[in-house]
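Colleague:
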Amino acid sequence: MKKGLLTAAGLCIFLAVTPMAVAGQDNYGCGLGSMVIENNESLVSQTFAATLNGCFANQLFGMSSGTSNCDRPDSIVYNEKINTFVADNMDNLAADIAKGQGEYLDTLATLMEVPSEQRPVLYSALQNNFSAIYPSSQVNHTDVLRNIEAVM
Amino acid sequence: MGKNDLKMIQGRTLHALLRRSPFFCCLLMAMLLPAWGHATPEPAQSEILSKAQAMELQDDPYWHVLLHYQKAGKGFTSRVDDPNFFLAPDGKTNPKAELQTAITAFFQPLEQDVIHPVCRFPARFAWIAQKIGPAASAFPIKECPRFEEIYSQIQPDSAVLIFPTAHINSPASMFGHTLLAVETKGQGRLLAHAINYSAVTGPAWGPIYAFQGLFGGYQGYFSMLPYYEKIQEYSDVAHRDMWEYPLNLTKEELRRMLLHLYELDNIHSDYYFLDENCAFNLLYLVDAARPGSDLANQCPYVAVPVDTVRLMQKDGFITNAPAYRPSKMTRVNHLKNGLNRHERALALKIAEGKIDPVAEVAPGASDTKAAQTLDLATEIISYRYTRKVMPVETYTERYRSVLAARSSLGKQEAPPLPEPASPDSGHLSSKIWLGGGTDDGEGFVRLGWRPLFHGFDDNLRGYEKGAQILALNTSLDYFPEKGRVDLHQLDLLDIFSLAPRDDVFKSLSWRIGTGFHQMMEKDGNQGAAYVFNMGGGISKDLGPLGLGYLLAEADFAATPGWDMGYGAGPGLRMGVLAEPAPWWRVRLEAKGTRYALGDSHTALNWSAESTFATSQNTGFHAKALFMDARDFSRTRIDLSFHLYF
Numbered sequence: 001m002k003k004g005l006l007t008a009a010g011l012c013i014f015l016a017v018t019p020m021a022v023a024g025q026d027n028y029g030c031g032l033g034s035m036v037i038e039n040n041e042s043l044v045s046q047t048f049a050a051t052l053n054g055c056f057a058n059q060l061f062g063m064s065s066g067t068s069n070c071d072r073p074d075s076i077v078y079n080e081k082i083n084t085f086v087a088d089n090m091d092n093l094a095a096d097i098a099k100g101q102g103e104y105l106d107t108l109a110t111l112m113e114v115p116s117e118q119r120p121v122l123y124s125a126l127q128n129n130f131s132a133i134y135p136s137s138q139v140n141h142t143d144v145l146r147n148i149e150a151v152m
Numbered sequence: 153m154g155k156n157d158l159k160m161i162q163g164r165t166l167h168a169l170l171r172r173s174p175f176f177c178c179l180l181m182a183m184l185l186p187a188w189g190h191a192t193p194e195p196a197q198s199e200i201l202s203k204a205q206a207m208e209l210q211d212d213p214y215w216h217v218l219l220h221y222q223k224a225g226k227g228f229t230s231r232v233d234d235p236n237f238f239l240a241p242d243g244k245t246n247p248k249a250e251l252q253t254a255i256t257a258f259f260q261p262l263e264q265d266v267i268h269p270v271c272r273f274p275a276r277f278a279w280i281a282q283k284i285g286p287a288a289s290a291f292p293i294k295e296c297p298r299f300e301e302i303y304s305q306i307q308p309d310s311a312v313l314i315f316p317t318a319h320i321n322s323p324a325s326m327f328g329h330t331l332l333a334v335e336t337k338g339q340g341r342l343l344a345h346a347i348n349y350s351a352v353t354g355p356a357w358g359p360i361y362a363f364q365g366l367f368g369g370y371q372g373y374f375s376m377l378p379y380y381e382k383i384q385e386y387s388d389v390a391h392r393d394m395w396e397y398p399l400n401l402t403k404e405e406l407r408r409m410l411l412h413l414y415e416l417d418n419i420h421s422d423y424y425f426l427d428e429n430c431a432f433n434l435l436y437l438v439d440a441a442r443p444g445s446d447l448a449n450q451c452p453y454v455a456v457p458v459d460t461v462r463l464m465q466k467d468g469f470i471t472n473a474p475a476y477r478p479s480k481m482t483r484v485n486h487l488k489n490g491l492n493r494h495e496r497a498l499a500l501k502i503a504e505g506k507i508d509p510v511a512e513v514a515p516g517a518s519d520t521k522a523a524q525t526l527d528l529a530t531e532i533i534s535y536r537y538t539r540k541v542m543p544v545e546t547y548t549e550r551y552r553s554v555l556a557a558r559s560s561l562g563k564q565e566a567p568p569l570p571e572p573a574s575p576d577s578g579h580l581s582s583k584i585w586l587g588g589g590t591d592d593g594e595g596f597v598r599l600g601w602r603p604l605f606h607g608f609d610d611n612l613r614g615y616e617k618g619a620q621i622l623a624l625n626t627s628l629d630y631f632p633e634k635g636r637v638d639l640h641q642l643d644l645l646d647i648f649s650l651a652p653r654d655d656v657f658k659s660l661s662w663r664i665g666t667g668f669h670q671m672m673e674k675d676g677n678q679g680a681a682y683v684f685n686m687g688g689g690i691s692k693d694l695g696p697l698g699l700g701y702l703l704a705e706a707d708f709a710a711t712p713g714w715d716m717g718y719g720a721g722p723g724l725r726m727g728v729l730a731e732p733a734p735w736w737r738v739r740l741e742a743k744g745t746r747y748a749l750g751d752s753h754t755a756l757n758w759s760a761e762s763t764f765a766t767s768q769n770t771g772f773h774a775k776a777l778f779m780d781a782r783d784f785s786r787t788r789i790d791l792s793f794h795l796y797f
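Protein chains in written order, with my numbering: chain A, 1 to 152; chain B, 153 to 797.
#1: So with Cβ pairs under 8 angstroms, would you call glycine 340 of chain B a contact of chain A?
#2: Let me know the secondary structure DSSP gives aspartate 234 of chain B once reduced to three states.
#3: Let me see if you follow: with CB-CB separation under 8 angstroms, is alanine 440 of chain B close to chain A or not?
#4: Can you list, in chain order, the stretches of the alpha helix (DSSP H) that have 4 or more residues and sit fully within the region 77–117 of chain A?
#5: Kindly say whether leucine 93 of chain A, judged by its beta-carbon, lies nearer than 8 angstroms to any beta-carbon of chain B.
#6: Between which residues of its own chain and tyrosine 104 of chain A is the CB-CB distance below 6 angstroms, once the five residues before and five after are set aside?
#7: Can you give me the Cβ contacts of aspartate 143 of chain A inside the same chain, cut-off strictly under 7 angstroms, excluding the 5 residues immediately before and after it?
#8: If contact means a Cβ-Cβ distance below 7 angstroms, which residues of the region 554–578 of chain B contact chain A?
#9: Taking the alpha helix (DSSP H) that glutamine 524 of chain B belongs to, which residues open and close that run?
#10: Kindly say whether serine 534 of chain B, judged by its beta-carbon, lies nearer than 8 angstroms to any beta-carbon of chain A.
#11: Can you give the Cα-Cα distance for leucine 447 of chain B and alanine 517 of chain B, rounded to whole angstroms?
#12: For glutamine 364 of chain B, does the count of other Cβ atoms within 10 angstroms reach 16, so buried, or fall short, so exposed?
#13: Please report how far the alpha carbon of glutamine 252 of chain B lies from the alpha carbon of leucine 201 of chain B, in whole angstroms.
#14: Please return the same chain residues whose Cβ sits closer than 6 angstroms to the Cβ of arginine 636 of chain B, not counting the five positions on each side in sequence.
#15: Could you name the residues of the region 92–114 of chain A whose beta carbon sits closer than 8 angstroms to any beta carbon of chain B, in the order they occur along the chain?
#16: Looking at proline 398 of chain B and asparagine 472 of chain B, is the spacing between their C-beta atoms short of 8 angstroms?
#17: Of the residues B:Tyr796, B:Ser752, B:Trp279 and B:Lys658, which one's Cα is nearest the Cα of proline 443 of chain B?
#18: Please list, in chain order, the chain A residues whose beta carbon lies closer than 8 angstroms to that of glutamate 549 of chain B.
#19: So alanine 704 of chain B and glycine 689 of chain B are in contact, right, with Cβ under 8 angstroms, and what is the actual spacing, rounded?
#20: In chain A, which residues lie with their C-beta within 7 angstroms of the C-beta of threonine 530 of chain B?
#21: At least one CB of chain A closer than 8 angstroms to the CB of valine 484 of chain B: is that the case?
#22: With H, G and I counted as helix, E and B as strand and the rest as coil, what does DSSP make of phenylalanine 61 of chain A?
#23: Closer than 8 angstroms, CB to CB, is asparagine 145 of chain A near chain B or not?
#24: Identify which residue in B:Tyr370, B:Phe367 and B:Arg407 has its Cα closest to the Cα of valine 334 of chain B.
#25: Put glutamate 194 of chain B into one of helix, strand or coil per three-state DSSP.
#26: With distances taken from CA atoms, which of B:Ala390, B:Pro269, B:Glu396 and B:Gln282 is nearest leucine 331 of chain B?
#27: Let me see if you follow: with CB-CB separation under 8 angstroms, is serine 116 of chain A close to chain B or not?
#28: Kindly say whether leucine 332 of chain B, judged by its beta-carbon, lies nearer than 8 angstroms to any beta-carbon of chain A.
#29: Going by DSSP, what residue range makes up the alpha helix (DSSP H) through alanine 249 of chain B?
#30: Using a Cβ-Cβ distance under 8 angstroms, would leucine 434 of chain B count as near chain A?
#31: Can you name, in chain order, every residue of its own chain whose Cβ lies under 8 angstroms from the Cβ of glutamate 633 of chain B, other than the five neighbours on each side?
#32: Does the distance from the C-beta atom of histidine 420 of chain B to that of leucine 437 of chain B stay below 8 angstroms?
#33: Tell me whether the beta-carbon of valine 554 of chain B lies closer than 8 angstroms to the beta-carbon of isoleucine 533 of chain B.
#34: Give the C-beta separation of arginine 802 of chain B and methionine 394 of chain B to the nearest angstrom, bearing in mind that I take them to be a contact with Cβ-Cβ under 8 angstroms.
#35: Quick one: list the residues of chain B neighbouring leucine 32 of chain A, beta-carbon separation under 7 angstroms, in chain order.
#36: Which first and last residues belong to the beta strand (DSSP E) in which alanine 275 of chain B is found?
Written out as structure tokens, the structure is:
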């Protein structure tokens, strides 16, 4: 009985790790373009997928899991929440920084606890340094956070 | 291995897997189930049991909310199908046994590596303890530490009901969807925790999907994700506008809601697309938040998400106006409307990589227009990537370079995006109508009924333009002169999707419909025939003229009044659908079918129809139809009054 349980547990952990490896091969890291993208399914299955809202259910209570498959920046300025947010919203945040405004930028400022009267200056500094924050298309969220810190 | 340890090991991935695989799910639940029994009855336990019995707690409506009981014959049955949701073996059908077993179980001593019943069902525990009063101090455990830890992380401050509208070009999703978002004070909405109920589906062939979805073949689970992930899913990728209705829940009510949600972690119910769906299951969370509310039992047989929004408005959970979150497609169209033809073409070329974005920022164009052009290019690039039309390397390179060019233009104010009417302001989902007209000079009276949902003959307000879904659309005509009643029409299902095609969105339009219609028979009379029709084509946005469309179709009809009893062949349909005023809708259509198989002949239909809304839930509809088939022709004109309910 015990052996069976151990095997099952082992199998679970094995299976749990596998998708991450697959994800790595697909080049979905924590850089630009790592958001969820649409499956090229047939119209009918897309229709019903949307209908049933057919995504795999996720863990119900796991908010603090962090970015398990991404590096953490070594700077202590950035807590796990900021990390997770930037990693998960790379593309939308980049667009907001380029425009000098937006909800994603506001959320970043909230997480960094920047008082609202200082935000216009911060936003404009980030916008003016866009190319320094995003020096190449291979930039990942760790680089972005380090670069933002350098601008501030 | 305890439940908590498991969660810490591999967070999201493991759980995602568990939910993909019922086998592992069962296996693990078996491992995690604590061993019952051997609980020696204590005096305090007997006291609480008899007190609960004297108070008849098992009949309290709130107990029935927490267990999702509904009346079934003389007794009750829970809508939850997972045996792990119950402590008593007959808990699914026996509220009293479940209550007593729960009280007994809450007396269990705390053991290492075993989830205590208080931690499996903290909402039940909190409620029983509160009802019992001071005697509850005899329970060995006062609260669930794991829940308290999560609760202090979330620090719930407010909750929002989220309504993503229809999936463009996917009218089967046009009922929309609902989810909840719980916000932490001062954190902003993006970081809210989205609570979602959805079916766990694997890859499946379309019709199988549909069948399983309709008849409970999939299992539904609750999930919790950062709200920004749901925004990416609906707004950025699926092109669904989102509406955010604030709920007026107090902190105490939010705590009760989360307590109940915690009990539903990893608990499944069979998912039924029509009734026990996402919108319906969220009602239980709201009922659990505010004792005395009874949303779930008021829900009509088919839980249309927008109707559950209205239900929450009626019962006082939603008192403020919703916030609008436009989808990527809406944002693209808005940006396009603010630019001239030259600027739009430029944005497209930049998005296609044919022009260097920096060159665009050359002197000439104003910074505002240049910024909008680049913003449009950015959205198009992102759209193409999410549609997998653009490989990730091209995407990241181009996206970054356009944004870099944009960043040199400073902060530019964009023209505000006009907010459409909110979904709750649209007509109700069911309709009856009464009217009359003449069919080739012969007068008739018409009575009609349609339980669901929205058609091109309804007022557009609050609905998705170009999307029609009709179920059981039925009307009967009574001809007083002959004393005859005809089935004029019975659309079992009719879906019509007009997604305008342009430079950016290469959308296709399509339709499918099946049911019974009046068709021209060999002798020139009409008779009811079974019909099946499907087609595909394109539609164009003609500005003030509305949506123009052209579809190639396939038709099949079966009736004893035809040679060989059937006819089948290709057809062509073209038309215009327009809204000249917010209260007025017009549709002109021509349709021709060449029945080549069976009863070979050609049929042509010309129609003009108009809908006038007189209020949110009333309106008039007029239609003129000219039919030409074989060597006969008929003209039918009718007018009816529509009432939505």
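C-beta atoms are modelled at their ideal positions from N, C-alpha and C, and glycine is treated no differently.
Modeller: In this structure, then:
#1: Between glycine 340 of chain B and chain A, the shortest Cβ-Cβ separation is below 8 angstroms.
#2: Aspartate 234 of chain B carries a coil assignment under DSSP once its states are collapsed to helix, strand and coil.
#3: no
#4: As far as the region 77–117 of chain A is concerned, its whole alpha helix (DSSP H) runs of at least 4 residues are 80–88, 90–99 and 103–111.
#5: no
#6: Asn89, Asn92, Leu93 and Asp96.
#7: none
#8: Leu555, Ala556, Arg558, Ser559, Gly562 and Lys563
#9: 519–538
#10: yes
#11: In a straight line, the C-alpha of leucine 447 of chain B is about 56 angstroms away from that of alanine 517 of chain B.
#12: Result: buried.
#13: 7 angstroms
#14: Cβ-Cβ distances below 6 angstroms link arginine 636 of chain B to nothing in the same chain once the five nearest sequence neighbours on each side are left out.
#15: Asn92, Ala94, Ala95, Ile97, Ala98, Lys99, Gly100, Gln101, Glu103, Tyr104, Asp106, Thr107, Thr110 and Leu111
#16: Their beta carbons are under 8 angstroms apart, which means asparagine 472 of chain B touches proline 398 of chain B by this criterion.
#17: B:Trp279
#18: The answer, in chain order, is Ser137.
#19: Going by Cβ atoms, the distance from alanine 704 of chain B to glycine 689 of chain B rounds to 6 angstroms, so yes, they are a contact pair.
#20: Ala95
#21: no
#22: In this prediction, phenylalanine 61 of chain A scores a pLDDT of 48, lower than 50, which makes its location untrustworthy; no coordinate-derived value is stated.
#23: Before going further, note that residue 145 of chain A is leucine rather than asparagine in the sequence given. It does not; no Cβ of chain B falls within 8 angstroms.
#24: B:Arg407
#25: coil
#26: B:Glu396
#27: Not one chain B Cβ lies under 8 angstroms of serine 116 of chain A.
#28: no
#29: 247–258
#30: no
#31: Glu594 and Gly595
#32: no
#33: Yes. Within cutoff.
#34: Absent from the model: residue 802 of chain B. The displayed extent of chain B is 153 to 797, so no value can be given.
#35: Thr548, Tyr551 and Arg552
#36: Careful: alanine 275 of chain B lies outside any beta strand (DSSP E), inside the alpha helix (DSSP H) at 274–284.
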